[in-house]
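Asker: Quick note, the numbering used here runs 23 ahead of the 1-based positions in the sequence shown.
Virtual Cβ for every residue (Gly too), placed ideally from N, Cα, C.
Questions regarding the structure given below will be posed in turn.
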Amino acid sequence: MRLIKYLSHAGNPAIGQLDGDWVIPLDLLRSPFQTLADILEDDDPAQAARSLLDPSRKMPTADVVLLAPIDQQEVWAAGVTYQRSQVARKEESEAAAFCYDRVYSSPRPELFFKATPHRVAGPGQSLRIRADSNWNVPEPEITLVLNSRLKLVGFTVGNDMSSRDIEGENPLYLPQAKVYNACCGLGPCITLAGAMPPVESIQIRLVIRRAGEVAFAGTTSVARMARSFDDLIQWLGRDNSFPHGVFLLTGTGIVPERDFTLQPGDLVAVSIDGIGTLTNPIVQG
Ligand code: DO4
Ligand code: MG
């Protein structure tokens with residue numbers, strides 16, 4: 024089952040099931056749930072959502088304005104989980120090459136705080152290049168949706184926008200390279216865990232269009248990840264609690280060549296099997 028947040032006719036956030044070309048609203052009015060995160064807290068989110076479906080109000084997906092599928096959760100990210108990312112980081116920063124080698128093969132992964140909900144862009148909303156940066160890329164990442172008990176309840180598409188020049192200048196600048204307004208894309212839906220294809224078969228695709236032409240395209244497979252989802256979750260949960268649940272971007276396996284940088288006006292589309300495509304235009308601060 025795929026769950027979305029969308030804008031109701033009255034202009035409020037609403038929850039629905041994405042069913043191909045149709046959206047079926049969930050009626051939360053007389054339910055114990057107020058938010059999508061509340062449904063994800065249930066022992067059986069798919070059953071909870073099914074019990075709220077209101078097919079009498081179904082709408083064509085094309086008529087619906089989608090929102091990022093986030094409520095009050097924090098957003099975290101893992102880094103250097105694919106060899107491509109390890110190579111790209113070393114290219115960026117000679118000084119820190121040793122750190123990236125070590126983190127790729129050490130038991131403890133790189134985990135960093137990525138965004139609060141107000142820094143997240145949903146489908147069709149603009150993602151941003153920092154005003155003080157000249158070398159920027161999107162990072163297409165399969166994203167784990169965890170409830171407050173750190174149970175993996177679903178998956179979404181994530182875009183971990185990154186300023187490579189800022190990170191490359193000094194690894195201590197990582198929070199500035201990664202965390203700023205509109206630095207993270209999430210959407211278009213949350214596919215509940217039971218509805219995902221087998222993890223090893225999942226492909227991730229990135230297409231960047233500039234003035235209607237493909238400026239970059241790349242593909243990777245989740246099977247190429249050097250770490251398991253369970254491993255990342257158990258490190259994230261060490262001495263750390265998430266009362267509203269948490270999104271965890273799991274790292275990028277696609278990095279454009281070093282002469283590529285995003286430009287304002289680019290259109291970035293990230294597609295992940297079993298979830299869908301998250302498309303965002305790029306703006307610069
Ligand atoms: O070490 C910096 C960030 C790495 C990252 O975001 C990734 O590998 O996806
Ligand atoms: Mg990343």
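What is the DSSP secondary structure of SER108, counted as helix, strand or coil?
Answerer: Three-state DSSP puts SER108 in a helix.
Asker: Just the C-alpha distance for ILE93 and PRO140, rounded to the nearest angstrom, thanks.
Answerer: Whole-angstrom Cα-Cα distance: 7 Å.
Asker: Could you pull out every residue in the same chain whose Cβ sits closer than 7 Å to the Cβ of PRO351, ignoring the five residues on either side in sequence?
Answerer: The structure shown does not extend to residue 351, since the chain is modelled only from 24 through 308, so no value can be given for it.
Asker: Which residues share a DSSP beta bridge with ARG232?
Answerer: BP columns for ARG232 point to VAL237, LEU290.
Asker: By the 10 Å Cβ neighbour count, where 16 or more other Cβ atoms means buried, how is GLY235 classified, buried or exposed?
Answerer: Counting Cβ neighbours within 10 Å, GLY235 comes out exposed, since fewer than 16 surround it.
Asker: Between which two residues does the alpha helix (DSSP H) harbouring TYR123 extend?
Answerer: Per DSSP, TYR123 belongs to the alpha helix (DSSP H) from 120-128.
Asker: Can you tell me whether ARG112 is buried or exposed? The criterion is at least 16 other CB atoms within 10 Å of its CB, across all chains shown.
Answerer: So ARG112 ends up on the buried side.
Asker: Rounded to whole angstroms, what is the Cα-Cα separation between ASP65 and ALA71?
Answerer: Rounded to whole angstroms, ASP65 to ALA71 spans 7 Å at the Cα level.
Asker: What number of angstroms, rounded off, separates the C-alpha of ILE295 from the C-alpha of ASP188?
Answerer: The straight-line gap from Cα to Cα measures roughly 27 Å.
Asker: Cβ atoms of THR214 and GLY297: under 8 Å apart, would you say?
Answerer: Yes, they are a contact pair.
Asker: By how many angstroms is the C-alpha of SER54 removed from the C-alpha of GLN307?
Answerer: Rounded to the nearest angstrom, the two C-alpha atoms are 42 Å apart.
Asker: Which two residues bound the contiguous alpha helix (DSSP H) that contains GLU190?
Answerer: Unbroken alpha helix (DSSP H) run through GLU190: 187-192.
Asker: Consult DSSP for SER79 and reduce its assignment to one of helix, strand or coil.
Answerer: It is helical.
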